[in-house]
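> Please see the structure below; I have some questions.
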Amino acid sequence: INRVEYYKDKLAIKLSDDQIKGAGIIVSKLTQDKISLEEEINAISIGYKNLLDVVSKYDVLNVQLSKSEINKTHNERIYLRLKSLYDEQGSIALKDLEEVEFKIESIKADMNSIQKDMDFLISEIKLEYGSILVDDVLSERKIFTSLINNSSSLLIIENVNLTNKNRNYKFNNEELIFLNPYNGNSNLRGNVGIFLLQNIKISSNSKLTVFLENEDLIDGYFIPESALLYHGGKVWAYFRENNEIFYKEEITNFYTIDNKVFSTNSLLNLNIVVSGAQILLAEEFRSQIMQEDDD
Numbered sequence: 137i138n139r140v141e142y143y144k145d146k147l148a149i150k151l152s153d154d155q156i157k158g159a160g161i162i163v164s165k166l167t168q169d170k171i172s173l174e175e176e177i178n179a180i181s182i183g184y185k186n187l188l189d190v191v192s193k194y195d196v197l198n199v200q201l202s203k204s205e206i207n208k209t210h211n212e213r214i215y216l217r218l219k220s221l222y223d224e225q226g227s228i229a230l231k232d233l234e235e236v237e238f239k240i241e242s243i244k245a246d247m248n249s250i251q252k253d254m255d256f257l258i259s260e261i262k263l264e265y266g267s268i269l270v271d272d273v274l275s276e277r278k279i280f281t282s283l284i285n286n287s288s289s290l291l292i293i294e295n296v297n298l299t300n301k302n303r304n305y306k307f308n309n310e311e312l313i314f315l316n317p318y319n320g321n322s323n324l325r326g327n328v329g330i331f332l333l334q335n336i337k338i339s340s341n342s343k344l345t346v347f348l349e350n351e352d353l354i355d356g357y358f359i360p361e362s363a364l365l366y367h368g369g370k371v372w373a374y375f376r377e378n379n380e381i382f383y384k385e386e387i388t389n390f391y392t393i394d395n396k397v398f399s400t401n402s403l404l405n406l407n408i409v410v411s412g413a414q415i416l417l418a419e420e421f422r423s424q425i426m427q428e429d430d431d
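As numbered in the working numbering, residues 137 to 431 make up the sequence shown, in order.
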């Protein structure tokens with residue numbers, strides 16, 4: 137029996153209710169959805185040697201500052217003891233008291249100088265890497281430790297919108313954290329930013345592609361894989377009209393997202409075949425072969 141006919145100038149297949157049930161054909165209406173597409177952005181991994189050098193200098197100065205603090209405290213105690221002897225008994229010379237007092241002031245001056253050098257190093261880190269790394273270096277150093285342990289990476293990314301620094305950049309589904317604008321030399325275009333990539337180590341100077349989630353949402357429909365037909369280098373789906381007519385339409389505008397097809401075709405209120413599409417395509421071919429045999 138030739139079940140193929142034309143419906144609104146389209147090749148269609150007409151089936152009875154029993155034939156539809158027997159073939160296991162199931163239709164469904166799709167729900168409109170929204171997605172945001174990802175844009176591919178050029179990036180380069182950079183080393184952390186400069187950061188390591190600055191932090192190492194900071195740590196050396198911090199040790200010196202701690203030693204000076206201990207020395208100052210020790211001499212302050214000596215000063216208090218000598219001053220008590222001088223005030224109550226007069227058993228020590230004034231010059232001995234003044235020498236200790238001078239030593240304390242000298243230690244304080246050295247401490248102020250060390251602190252200024254430390255502040256300068258912190259300002260260097262902030263200028264190059266931003267406040268997040270400064271806070272990390274001054275606290276638990278989780279980020280810094282992950283970098284030197286080769287479990288995280290620093291990336292520079294092109295065309296960064298510096299007025300909206302929190303846009304969603306990703307690499308291998310890992311979100312990137314914006315650190316600071318990048319002022320060094322690179323072959324990247326536009327405003328370049330430094331980002332932290334956690335949990336992934338990439339060799340320095342490696343060129344790579346990161347993905348930026350577009351802020352503009354696109355209307356469309358997720359189509360089940362079972363509804364899709366791949367034929368003649370195109371993607372098709374069958375739709376039902378009047379409960380008995382089935383015709384196929386090309387899905388022309390679509391994106392593949394996580395192995396799912398999202399189409400911007402107008403599919404509102406259409407009954408799409410989600411089970412049995414292959415049977416309908418086979419029936420269409422069979423009928424065409426029968427017609428060729430008759431010719």
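Where is the CB? At the ideal position from N, CA and C, for every residue including glycine.
Between which two residues does the beta strand (DSSP E) holding residue 410 run?
From DSSP, the beta strand (DSSP E) with residue 410 extends over 407-411.
> For the candidate residues 316, 308 and 286, whose alpha-carbon lies nearest to that of residue 89?
Here the chain has residues from 137 to 431 only, and residue 89 is not among them.
> Between which two residues does the alpha helix (DSSP H) holding residue 230 run?
Looking at the DSSP string, the run of the alpha helix (DSSP H) that includes residue 230 is 230-265.
> Please name the residue in 377, 259, 394 and 372 whose C-alpha comes closest to that of residue 386.
Among 377, 259, 394 and 372, the Cα nearest to that of residue 386 is on 372.
> Can you tell me which of the three DSSP states residue 168 falls into?
Residue 168 falls in the strand class under three-state DSSP.
> Taking all protein chains shown into account, decide if residue 275 is buried (16 or more other Cβ within 10 angstroms of its Cβ) or exposed.
It is exposed - the Cβ of residue 275 has fewer than 16 other Cβ atoms within 10 Å.
> Whole angstroms is fine: what's the gap from residue 230's alpha carbon to residue 243's?
Taking the straight line from one Cα to the other gives about 20 Å.
> Which residue's Cα is closest to the Cα of residue 358: 380, 337 and 391?
Ranking 380, 337 and 391 by Cα distance to residue 358 puts 391 first.
> Kindly list the residues whose CB is nearer than 7 Å to the CB of residue 193, restricted to its own chain and excluding five residues on each side of it in sequence; keep chain order.
Closer than 7 Å at the Cβ level, and outside the excluded window around residue 193, lie 257.
> Below 8 Å on the Cβ atoms is my guess for residue 269 versus residue 307; work out the distance and round it to an integer in Å.
So it is not a contact: roughly 19 Å between Cβ atoms.
> If distances are taken between C-alpha atoms only, which option among 287, 196, 141 and 273 comes closest to residue 250?
It is 196 whose Cα lies nearest to the Cα of residue 250.
> To test your reading of the DSSP string, which unbroken alpha helix (DSSP H) runs of 4 or more residues are found completely within the region 153-208?
Counting whole runs of 4 or more residues, the region 153-208 contains the alpha helix (DSSP H) stretches 153-159.
> What first and last residue would you give for the alpha helix (DSSP H) that runs through residue 279?
Taken as a continuous stretch (DSSP letters only), the alpha helix (DSSP H) holding residue 279 covers 278-284.
> Work out the CA separation of residue 352 and residue 159 for me, nearest whole Å.
Straight-line Cα distance between these residues: approximately 42 Å.
> At which residues does the beta strand (DSSP E) containing residue 316 begin and terminate?
It spans 310-317 - the beta strand (DSSP E) in which residue 316 sits, taken as one unbroken run.
> Based on Cα-Cα distance, which residue from 165, 178 and 413 lies nearest to residue 342?
Residue 342 has its Cα closest to that of 178, out of 165, 178 and 413.
> Determine the direct distance from the alpha carbon of residue 396 to that of residue 412, and round the result to whole angstroms.
Looking at the two C-alpha atoms, the distance is approximately 19 Å.
> Rounded to a whole number of angstroms, what is the C-alpha to C-alpha distance between residue 154 and residue 404?
Their backbone Cα atoms lie some 27 Å apart in a straight line.
> Just checking my contact of residue 348 with residue 304 at CB under 8 Å: how many whole Å lie between their CB atoms?
With 8 Å as the limit, residue 348 and residue 304 qualify as a contact, their Cβ atoms being about 7 Å apart.
> Considering only C-alpha positions, which residue in the set 185, 187, 330 and 321 is nearest to residue 297?
Of 185, 187, 330 and 321, the residue nearest in Cα terms is 330.
> Look up residue 337 in the DSSP assignment and say whether it is helix, strand or coil.
Residue 337: coil per DSSP, three-state reduction.
> Tell me, please, which residues DSSP counts as bridged to residue 385.
Looking at the DSSP assignment, residue 385 forms a beta bridge with 373.
> Report the rounded CA-to-CA distance for residue 328 versus residue 377, giving the unit in angstroms.
Roughly 54 Å between the two C-alpha positions.
> Would DSSP call residue 403 helix, strand or coil?
Correct three-state label for residue 403: coil.
> So what's residue 361 in DSSP terms, helix, strand or just coil?
Residue 361: helix per DSSP, three-state reduction.
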